[in-house]
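Novice:
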Amino acid sequence: MQLLSPQDQARFSVVESKLEDLEPPSSLFDCVVSPANSYGIMDGGFDYYLSEALSPDRDIMALTRCAQAAIKERYYGFAPPGTCTLVPLAPELRRNPRFPRCRVLAVCPTMRYPQDVHWHKDLVYNTMWSLLVELEHWNERAAPDEKINRVAMTGLATGVGQISKDVCARQMVLAVKHFLNARSEEGRERWGQRDYPNWEDVLPIARELEKKVSL
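Per this note's numbering, the very first residue in the sequence shown carries number 389; after that it's consecutive.
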């Protein structure tokens, strides 16, 4: 978190807990992130516990079908790693009283299928950036009572993916830093001065990622 200002750090809370043990305010999230595979099969790792928590009784694959329907519509069945798709949850997936505000699933694949992806230098950064962009676009279009104000997420690819928690945390925070800079008043003015950015604009950002995030 040292990469962020104290004001921006206050946007985040780090909680060590199982999903089913979350208590308010941590359980009062509007959106939950699935660190998914590209095909949206939610039967392992954290995805399994999401399916268990949100799917109706005796239909644990209901959340998988919801995710896959969105992936089929947008990506013809294969969501590339590093992308993000925000999926509104059907009413039958919003009945768990422990998570009364959860109404959107963020499908954020970190791998094509369950495998070691620690070799991917900036996978977590790319995925986190995609999530932030989709959240921004959602909230720009949403009615006040439909905006996403609180998001619950785990580390990205830190289980089967074998990315270390330290590398994951640094990439996530760096993506947040760069995104907030880009969307700040100063950032919008800076990027707005050019119709198209040049290497002078983008290389400092790329080099910071290379310096701060090492495998």
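Each residue gets a CB set at the ideal place from its N, CA and C atoms; glycine is no exception.
#1: On the three-pair Cβ rule with 8 Å, is the segment 510-517 touching the segment 447-456?
#2: Just to confirm the assignment, what range does the beta strand (DSSP E) spanning Thr473 have?
#3: Would you mind sorting Ser405 into buried or exposed? The rule is 16 or more other CB atoms within 10 Å of its CB.
#4: For Val403, count neighbouring Cβ atoms within 10 angstroms of its own Cβ and tell me buried if that reaches 16, exposed if not.
#5: Contact defined as beta carbons within less than 8 Å: I believe Cys419 pairs with Val492. What is the distance between those atoms, to the nearest angstrom?
#6: Could you spell out the range, first to last residue, of the alpha helix (DSSP H) harbouring Leu520?
#7: Alpha carbons only, please: which of Gly432, Arg482 and Asp504 is nearest the one belonging to Gln550?
#8: Closest to Ala467 by CA distance: which of Pro497, Cys556, Val564 and Gln559 is it?
#9: Report the three-state DSSP secondary structure of Asn425 (helix, strand or coil).
#10: Measure the C-alpha to C-alpha separation of Asn569 and Pro413 and round it to an integer number of angstroms.
#11: Is the number of C-beta pairs between the segment 452-471 and the segment 415-431 that are closer than 8 Å three or more?
#12: Measure the C-alpha to C-alpha separation of Thr546 and Ser552 and round it to an integer number of angstroms.
#13: Closer than 7 Å by C-beta to Pro502: which residues in its own chain qualify, once you throw out the five before and the five after it? Chain order, please.
#14: Name the one or two DSSP bridge partners that Met499 has.
#15: Looking at the secondary structure, which residues open and close the alpha helix (DSSP H) in which Gln395 lies?
#16: From what residue to what residue does the alpha helix (DSSP H) around Arg538 run?
#17: When you compare only the Cα positions, how much space is there between Ala457 and Val564?
#18: When you compare only the Cα positions, how much space is there between Leu451 and Val421?
#19: Smallest Cα separation from Tyr437: which of Glu408, Ala455, Arg453 and Leu416?
#20: Could you tell me which of Leu477, Cys556, Ala494 and Val539 sits nearest to Trp507, measuring between CA atoms?
#21: So, are the CB atoms of Leu442 and Cys472 less than 9 Å apart?
Specialist: Short version:
#1: no
#2: Sequence index remark: in the sequence shown, residue 473 carries index 85 (1-based). Its beta strand (DSSP E) spans residues Thr473 to Pro476.
#3: The residue you call residue 405 lines up with position 17 of the sequence shown. So Ser405 counts as exposed.
#4: Indexing the sequence shown from 1 puts residue 403 at position 15. Exposed: under 16 other Cβ atoms inside 10 Å.
#5: Sequence index remark: in the sequence shown, residue 419 carries index 31 (1-based). Sequence index remark: in the sequence shown, residue 492 carries index 104 (1-based). Yes, Cys419 and Val492 are in contact; Cβ-Cβ is about 4 Å, under 8 Å.
#6: As a working mapping, residue 520 is identified with position 132 in the sequence shown. Taken as a continuous stretch (DSSP letters only), the alpha helix (DSSP H) holding Leu520 covers Leu511 to Arg529.
#7: Here residue 550 is taken as the residue at index 162 of the sequence shown, counted from 1. Nearest option by C-alpha distance: Asp504.
#8: Along the sequence shown, read from residue 1 onward, the residue named residue 467 stands at position 79. Looking at the Cα atoms, Pro497 is the closest of the given residues.
#9: Locating residue 425 in the sequence shown gives position 37, counting from the first residue. In the structure shown, Asn425 sits in a strand (DSSP, three-state: E or B).
#10: One-based indexing of the sequence shown puts residue 569 at position 181. One-based indexing of the sequence shown puts residue 413 at position 25. Rounded to the nearest angstrom, the two C-alpha atoms are 28 Å apart.
#11: yes
#12: The residue you call residue 546 lines up with position 158 of the sequence shown. The residue you call residue 552 lines up with position 164 of the sequence shown. About 6 Å.
#13: Position 114 of the sequence shown, counted from the first residue, corresponds to residue 502. Hits under 7 Å: Asn425, Gly432 and Val548.
#14: One-based indexing of the sequence shown puts residue 499 at position 111. Answer by DSSP bridge pairing, in chain order: Asn425.
#15: Looking up residue 395 in the sequence shown gives position 7. Run containing Gln395: Pro394 to Gln397, per the alpha helix (DSSP H) assignment.
#16: To locate residue 538, count along the sequence shown from 1; it is residue 150. Arg538 -> no alpha helix (DSSP H), and no H or E assigned at all.
#17: Here residue 457 refers to the residue found at position 69 of the sequence shown. Here residue 564 refers to the residue found at position 176 of the sequence shown. Cα-Cα distance, rounded: 29 Å.
#18: Counting from one through the sequence shown, the residue named residue 451 turns up at place 63. Counting from one through the sequence shown, the residue named residue 421 turns up at place 33. Computed Cα separation, rounded: 13 Å.
#19: If you number the sequence shown from 1, residue 437 lands on position 49. The candidate whose alpha carbon is nearest that of Tyr437 is Glu408.
#20: Start at 1 with the first residue of the sequence shown, and residue 507 comes out as number 119. Checking every option, the nearest Cα to that of Trp507 belongs to Cys556.
#21: Residue 442 sits at position 54 when you count from the first residue of the sequence shown. Residue 472 sits at position 84 when you count from the first residue of the sequence shown. No, the pair does not count as a contact, with Cβ atoms beyond the cut-off.
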